[in-house]
Amino acid sequence: MWCQRLLGEVSNNVQVVATGTEEMTTSIKGIFQSASQAATITDTAVKIVEQTNHKISALGESSVDIGQVVKVITEIAGQNNLLALNATIEAARAGEAGKGFAVVANEVKQLANQTAKATSDTSEKIKIIQADAKNAVEAMDEITNVINEVNDISGTIASAVEEQSATTNEMSRNVA
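Residues in the sequence shown are numbered from 406 upward in steps of one, following my numbering.
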């Protein structure tokens with residue numbers, strides 16, 4: 406009678422352990438799936454960040470190209486200013502006959518000055534864009550590093566869960 410009661414208790418305990426290991430196995434599988442999904446999501450995020458980095462870098466390169474065009478325009482404005490100065494001198498030499506030409510030369514000089522100011526302003530804005538693009542690339546690199554760290558942690562969790570799953574399966578086999 407005592408043995409039978411003891412066997413009944415052992416059988417109950419084995420059943421409780423078996424049920425617990427089944428529940429644990431189900432829970433572990435869910436955790437493993439979540440860790441796998443997290444790894445997939447972080448991989449996707451890294452790819453998006455890399456694509457964004459390329460786009461921002463291309464933007465920076467385009468602003469360098471625009472800067473070169475602005476430089477050429479600035480040089481042309483300088484040459485126009487010099488031509489306007491020479492035209493003013495020639496108009497003064499021509500006396501009364503050169504007065505009309507002097508007005509035109511003065512207008513050309515004003516246009517050259519306006520162009521020089523506009524290109525100077527544009528150059529400053531381009532420098533700001535280039536600095537912002539550089540900062541954005543650096544920020545994206547930092548985001549990539551953080552995402553990679555999360556991905557590594559997810560991988561570690563997935564490995565630990567897989568190991569726990571194997572241990573739980575082994576326990577189930579031993580109990581059964």
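Glycine included, every Cβ here is placed at the ideal spot set by N, Cα and C.
No experiment lies behind these values; they were computed from the predicted model shown.
Problem set entry | C-alpha distance - Glu495 paired with Gly465, whole-angstrom precision | If you take the alpha carbons of Glu495 and Gly465, they lie about 45 Å apart.
Problem set entry | Cβ-Cβ separation, Ser559 to Thr447 (assumed contact under 8 Å), whole Å | That belief holds up - the Cβ atoms of Thr447 and Ser559 are roughly 7 Å apart, short of 8 Å.
Exercise. With contact counted as at least three CB pairs below 8 Å, one residue from each stretch, are the stretch 510 to 525 and the stretch 474 to 482 in contact?
Worked result: Yes, since at least three Cβ pairs between the stretch 510 to 525 and the stretch 474 to 482 fall closer than 8 Å, the two stretches touch.
Exercise. When the Cα of Ala492 is compared with those of Val475, Val477, Ala510, which residue comes out closest?
Worked result: Ranked by Cα distance from Ala492, the first of Val475, Val477, Ala510 is Ala510.
For this session: State the Cα-Cα distance for the pair Ala444 and Thr426, rounded to the nearest angstrom.
Result: Roughly 26 Å between the two C-alpha positions.
For this session: Rounded to whole angstroms, what's the CA-CA distance from Ile436 to Lys452? Just pull it up for me.
Result: Going by the C-alpha atoms only, they are around 24 Å apart.
Exercise. Does DSSP put Met429 in a helix, a strand or coil?
Worked result: Three-state result, Met429: helix.
For this session: Output the distance between the C-alpha atoms of Gln625 and Arg578, rounded to the nearest integer angstrom.
Result: In the structure as shown, the chain begins at 406 and stops at 581. Residue 625 is therefore absent and cannot be evaluated.
Exercise. Thinking just about the alpha-carbon of each residue, which of Val508, Lys476, Val474, Gln473 is nearest to the one in Leu490?
Worked result: With distances taken between Cα atoms, Leu490 lies closest to Val508.
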